[in-house]
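The sequence shown: position 350 = 349 (numbering that gives the first Met the number 0), numbered continuously.
For every residue, glycine included, the Cβ atom is placed at its ideal position computed from N, Cα and C.
The block underneath contains the structure these notes are about, expressed in structure tokens.
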Amino acid sequence: MKHEFELLAPAGSFEILKAVIEAGADAVYVGGSQFGARAYANNFTEEELLEAIDYVHLRGKKLFLTVNTLFKNQEIKEYLYDYLKPYYERGLDAVIVQDFGAIAFIKECFPGLPIHTSTQMTITGVEGAKLLKNLGAERIVLARELSIAEMKKIRKEADVELEAFIHGALCYSFSGQCLFSSMLGGRSGNRGRCAQPCRLPYSVLDEKKKEYKKESYVLSLKDLCGIEYLQQLREAGVYSLKIEGRMKQASYAAGVVSFYRKYIDLEKQVSKEDMKHLYELGNRCGFTTDYFTKHNDKNMITFEKPSYEKSNEALHQQIEKKYVGVKNQMPVNGTLIMSKGQALEVYVNYGDVHAYVSQGEVQEAKNKPLEETDVRVRMNKTGESPFYFENLEISMDDDIFVPNGVLNQIRRDALAELEAQLLSSYKREIESAKETPVKELTFEQKESCKERVICSCETRPQFEEILKHDFVTTIYVDTQMYAYSHILEELGIDVEHAHVHSKEIYLRMPVIFREHTSRKFQEMKDELAGIGLDGVVVRNYEELSFVKEAFPELKVVIDHNLYTYNDFAKHAFYEFDILRDTIPLELNQKEICHRDNTNSEMVVYGYYPLMNTAGCVHKNTKGCDKKPGITYLKDRYQVLFPVKNYCQDCYNVIYNSVPVLLFAEENKLKSYGISHFRIDFTIENAKEVENVLHLYKGKGQKIEYTNGHYKRGVE
Numbered sequence: 000m001k002h003e004f005e006l007l008a009p010a011g012s013f014e015i016l017k018a019v020i021e022a023g024a025d026a027v028y029v030g031g032s033q034f035g036a037r038a039y040a041n042n043f044t045e046e047e048l049l050e051a052i053d054y055v056h057l058r059g060k061k062l063f064l065t066v067n068t069l070f071k072n073q074e075i076k077e078y079l080y081d082y083l084k085p086y087y088e089r090g091l092d093a094v095i096v097q098d099f100g101a102i103a104f105i106k107e108c109f110p111g112l113p114i115h116t117s118t119q120m121t122i123t124g125v126e127g128a129k130l131l132k133n134l135g136a137e138r139i140v141l142a143r144e145l146s147i148a149e150m151k152k153i154r155k156e157a158d159v160e161l162e163a164f165i166h167g168a169l170c171y172s173f174s175g176q177c178l179f180s181s182m183l184g185g186r187s188g189n190r191g192r193c194a195q196p197c198r199l200p201y202s203v204l205d206e207k208k209k210e211y212k213k214e215s216y217v218l219s220l221k222d223l224c225g226i227e228y229l230q231q232l233r234e235a236g237v238y239s240l241k242i243e244g245r246m247k248q249a250s251y252a253a254g255v256v257s258f259y260r261k262y263i264d265l266e267k268q269v270s271k272e273d274m275k276h277l278y279e280l281g282n283r284c285g286f287t288t289d290y291f292t293k294h295n296d297k298n299m300i301t302f303e304k305p306s307y308e309k310s311n312e313a314l315h316q317q318i319e320k321k322y323v324g325v326k327n328q329m330p331v332n333g334t335l336i337m338s339k340g341q342a343l344e345v346y347v348n349y350g351d352v353h354a355y356v357s358q359g360e361v362q363e364a365k366n367k368p369l370e371e372t373d374v375r376v377r378m379n380k381t382g383e384s385p386f387y388f389e390n391l392e393i394s395m396d397d398d399i400f401v402p403n404g405v406l407n408q409i410r411r412d413a414l415a416e417l418e419a420q421l422l423s424s425y426k427r428e429i430e431s432a433k434e435t436p437v438k439e440l441t442f443e444q445k446e447s448c449k450e451r452v453i454c455s456c457e458t459r460p461q462f463e464e465i466l467k468h469d470f471v472t473t474i475y476v477d478t479q480m481y482a483y484s485h486i487l488e489e490l491g492i493d494v495e496h497a498h499v500h501s502k503e504i505y506l507r508m509p510v511i512f513r514e515h516t517s518r519k520f521q522e523m524k525d526e527l528a529g530i531g532l533d534g535v536v537v538r539n540y541e542e543l544s545f546v547k548e549a550f551p552e553l554k555v556v557i558d559h560n561l562y563t564y565n566d567f568a569k570h571a572f573y574e575f576d577i578l579r580d581t582i583p584l585e586l587n588q589k590e591i592c593h594r595d596n597t598n599s600e601m602v603v604y605g606y607y608p609l610m611n612t613a614g615c616v617h618k619n620t621k622g623c624d625k626k627p628g629i630t631y632l633k634d635r636y637q638v639l640f641p642v643k644n645y646c647q648d649c650y651n652v653i654y655n656s657v658p659v660l661l662f663a664e665e666n667k668l669k670s671y672g673i674s675h676f677r678i679d680f681t682i683e684n685a686k687e688v689e690n691v692l693h694l695y696k697g698k699g700q701k702i703e704y705t706n707g708h709y710k711r712g713v714e
């Protein structure tokens, strides 16, 4: 039986964990009582999780714990260490992590604990995988949007263990790049509380706000079913195949695992009957595999109401009978020796692991002597033990007596000793030096505390308007302002213009930096390095790695979607010698106040990006014309959300309906140690830019706005 893949199954309860192990999973991922990206799942208590770690280890399997939310300062400083400590000591096989600071924290406090980076970290390229590998990640859980070709390139060039989703629900947004749920209702996907606004209907309007598609589920993706791509994934070097579904029922989880186990081992074409059974276990308007071979496609979208459908109740019952609630005991060999006047002796072994127990005394029978058949019945009553006797040799003298209680006790003790022997290699001890969590962190001021006003722009009219305002000290020009074929010439001119107007100018990199974008920047990196830029703004791990290598002399700012929720994350980023970080958009006033804001800038105006997506609303509803533009989504409350096409890098950004405006909070923000204030322009025309900049100076016409998360924050 081949095990070139690890089959990784979800478990939302102990019952499901046992079922998926019985069905053939090599490893299971679960959520504990805190810090998991499925906060509403039936997650494990500490007692259950400790028992689960032992359960899988006895059966030669692995258990991974999700701690894949972003941590607020208090959480990582006061709770994470105590939360992980008992699981670390028990032998937890790995943690799945999103927070950049948590990686550093765990490496410091629990050096023997493997780290798997969550799909929430949006790793889409070689550069990001290398960066995280160098920081100690043993496995990269890839973004779900990647093609098999991209996976193969990452495996070959980054040389790190890869995990890819193989079956289950897909998010419309790049995971970790979605603020839609938090902005609409305060339930953050980054905190495990997504309200799934992508599963709601939206009408679609063109650039002139004329409706052309009414109440369609244009953000709802079909479920992934990749069972027919096992060989291609094997050839690409993917190691772990991940099934989504910690909130699914036991029959679904065990059933899906059983079919993937079958075809991983058989290495043959999937039968039509088994494909039908997978469909009957559960699907959302059918299945898709398009991300494996395409960048995006309308056939991935449900368009219809994405209710989760399962059928064939007989199949579900059959799976439950076969895998759920089954007593999964392990076969052991044993020898019981009872010699008159001597202690009872029991030898047991499972494979190469042996245990020995002796106790009590074998007595001479005064009445009816023991019968071997009675002894065998008593010894085989292993009950809730993980073991049963496959072979049991009994060597006993004639005319002897041993109380049943003694036989019961030595059986229990022998099997308990065998269990302890089997688990001993997994246990860890906390080094005495690590008993106290890592020290408090401080940050060196990189620049003077003089107030700076930064404007980012994405269009030529926006840039030209910003140049007119003397109080703006720095401009971030987005790569979308330039066609890659002319970027060097046009950017060079803009650099000169900015410097003539006594302004710094930074190039703001794309939100997503996949292979085709990386290739373009690799080709022109030498020319870009010498064009006169003051710095670069990076928005993902791929760009951070690329820029530090390609432009070592340039200043680097990390944008808000490289999350510095806590001081440990901030410190980890500053190890890359960055100039500034951007305060995450989901933090509220109180959290910002208690954060170390040294060298931090804050967005005080802008349409917040609710989703960064590989899918394209325009393409899926009208067809691809490769023309950047704006489409609008209208929800059931008649609210319009702009969707902007970023065609040359092929992604969409869905923006909030109204901009955040925090100009009135500036004095309070200054008291929190913030001196860099950023005004983000995305969909505004020149007149709107002018008005916003006048508003900053206390003039201009009032606009409709929101405080974003500043007042309310997220759960």
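Option nearest residue i by Cα separation, candidates the options
i: Thr-372; options: Lys-339, Ala-342, Leu-335; result: Leu-335
i: Ala-249; options: Lys-275, Glu-266, Gln-317, Leu-240; result: Gln-317
i: Glu-46; options: Ala-24, Tyr-28, Val-376, Phe-13; result: Phe-13
i: Gly-534; options: Val-688, Val-556, Ala-568, Tyr-631; result: Val-556
i: Thr-716; options: Lys-554, Pro-551, Ile-577; result: Nothing about residue 716 can be read from this structure; the chain reaches only from 0 to 714.
i: Asn-67; options: Leu-134, Phe-179, Ser-187; result: Ser-187
i: Arg-143; options: Glu-206, Glu-107, Ile-102, Leu-220; result: Leu-220
i: Tyr-631; options: Cys-623, Asp-624, Cys-615, Lys-625; result: Cys-615
i: Ser-310; options: Lys-293, Met-299, Arg-283, Tyr-290; result: Arg-283
i: Tyr-538; options: Thr-121, Leu-91, Gln-647, Gln-73; result: Checking the displayed sequence, the identity of residue 538 turns out to be Arg instead of Tyr. Nearest C-alpha to Arg-538: Thr-121.
i: Phe-680; options: Gly-529, Gly-225, Glu-463, Lys-625; result: Glu-463
i: Cys-108; options: Val-638, Gln-119, Arg-513, Tyr-86; result: Tyr-86
Close Cβ partners of residue i (< 6 Å) along its chain, the five nearest in sequence each way excluded
i: Val-452; result: Phe-470, Val-471, Thr-472, Phe-676
i: Ala-22; result: Ala-253, Val-256, Ser-257, Tyr-322
i: Gly-699; result: Asn-690, His-693
i: Asn-706; result: none
i: Val-345; result: Leu-335, Val-356, Ile-409, Ala-413
i: Gln-479; result: Glu-457, Tyr-645
i: Thr-581; result: Asp-558, His-559, Glu-600
Residues sharing a beta bridge with residue i, DSSP
i: Cys-454; result: Ile-474, Ile-678
i: Gln-362; result: Phe-400
i: His-294; result: DSSP output for His-294 lists no bridge partner at all.
i: Val-203; result: Lys-212, Leu-632
i: Glu-383; result: Glu-383 is not bridged to any residue.
Classification of residue i by the beta-carbon crowding that lies within 10 angstroms, buried from 16 upward
i: Ala-497; result: buried
i: Lys-209; result: exposed
i: Gly-244; result: buried
i: Arg-154; result: buried
i: Arg-594; result: buried
i: Val-602; result: buried
i: Val-361; result: buried
i: Arg-198; result: buried
i: Cys-170; result: buried
i: Arg-635; result: exposed
i: Arg-190; result: buried
i: Lys-271; result: exposed
i: Asp-477; result: buried
i: Val-510; result: buried
Terminal residues of the alpha helix (DSSP H) in which residue i lies
i: Gly-254; result: 249-265
i: Leu-462; result: Residue identity check: residue 462 is Phe in the sequence provided, not Leu. Note, Phe-462: alpha helix (DSSP H), 459-465.
i: Lys-569; result: 566-573
i: Met-274; result: 271-280
i: Asp-222; result: Counting along the chain, Asp-222 falls outside any alpha helix (DSSP H), though it belongs to the beta strand (DSSP E) covering 222-224.
Host beta strand (DSSP E) of residue i (start-end)
i: Lys-17; result: Counting along the chain, Lys-17 falls outside any beta strand (DSSP E), though it belongs to the alpha helix (DSSP H) covering 13-22.
i: Asp-580; result: 579-581
i: Arg-507; result: 503-507
i: Glu-600; result: 599-605
Chain-order list of residues whose beta-carbon lies under 8 Å from that of residue i (same chain, five-residue window excluded)
i: Ala-93; result: Lys-61, Phe-63, Leu-64, Leu-112, Pro-113, Ile-114, His-115, Glu-137, Arg-138
i: Lys-669; result: Glu-450
i: Thr-288; result: Leu-223, Cys-224, Gly-225, Glu-227, Tyr-228
Cβ shell of residue i (< 7 Å), same chain only, five flanking positions each side left out
i: Ala-8; result: Val-19, Ala-24, Val-27, Ile-242, Ala-252, Val-256
i: Arg-375; result: Leu-391, Ile-393
i: Leu-134; result: Ile-102
i: Lys-524; result: Ala-549
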